[in-house]
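In my numbering, the protein residues as written are 15 to 180.
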């Protein structure tokens with residue numbers, strides 16, 4: 015119970031002083047994991063680097079952070095490979111948080127590269143997230159992290175190339 019309380023960012027008291035049921039415990043742990051992923055991604059997105067470089071690094075960093083999550087909680091691999099709904103809920107929450115990071119980053123990129131006004135930052139962020147999320151399933155394979163990082167880098171490159179060619 016102390017491990018669960020610590021993972022949820024709570025004190026050493028009994029877990030049920032803080033939570034009424036297992037679902038609340040799970041939600042607290044999920045929120046903490048999402049913050050551990052989105053915190054570094056948000057810092058990266060706000061850096062002074064050129065937006066194209068940041069977007070390239072974003073995909074790679076995202077995969078590394080998801081790999082760290084899998085190492086902290088190996089049961090996620092099993093749930094993920096079986097398509098459990100709780101994993102999809104986690105992925106949806108993570109995507110919403112990432113969209114809050116990516117939309118301003120794409121807005122900055124589109125402004126600095128003077129791309130056609132027909133392309134919206136929201137559309138770019140959705141496309142990018144779709145490309146990155148498509149690589150998530152690679153975590154279920156042996157050496158999947160390396161492959162996910164490699165393909166995320168290619169995804170970033172392809173999208174930026176497509177935008178700049180518009």
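Note that beta-carbon positions come from the ideal geometry of N, C-alpha and C, so glycine has one too. As the structure is a prediction and not an experimental result, all values here were calculated from the model.
Within the segment 76-145, the runs of alpha helix (DSSP H) at least 4 residues long that lie entirely inside it are, in chain order, 89-95, 99-127. If you look at residue 161, you'll find it in the alpha helix (DSSP H) that goes 158-178. In the structure shown, the three-state DSSP call for residue 74 is helix. Between residue 173 and residue 141 a beta carbon distance of about 6 angstroms is seen, short of the 8 angstroms cut, so the two are scored as contacting.
Of the other Cβ atoms in all chains shown, fewer than 16 fall within 10 Å of the Cβ of residue 61; this residue is therefore exposed.
Residue state for residue 153 is assigned as helix, using DSSP reduced to three classes.
If you look at residue 49, you'll find it in the alpha helix (DSSP H) that goes 36-59. Less than 9 angstroms divides the Cβ of residue 170 from the Cβ of residue 69.
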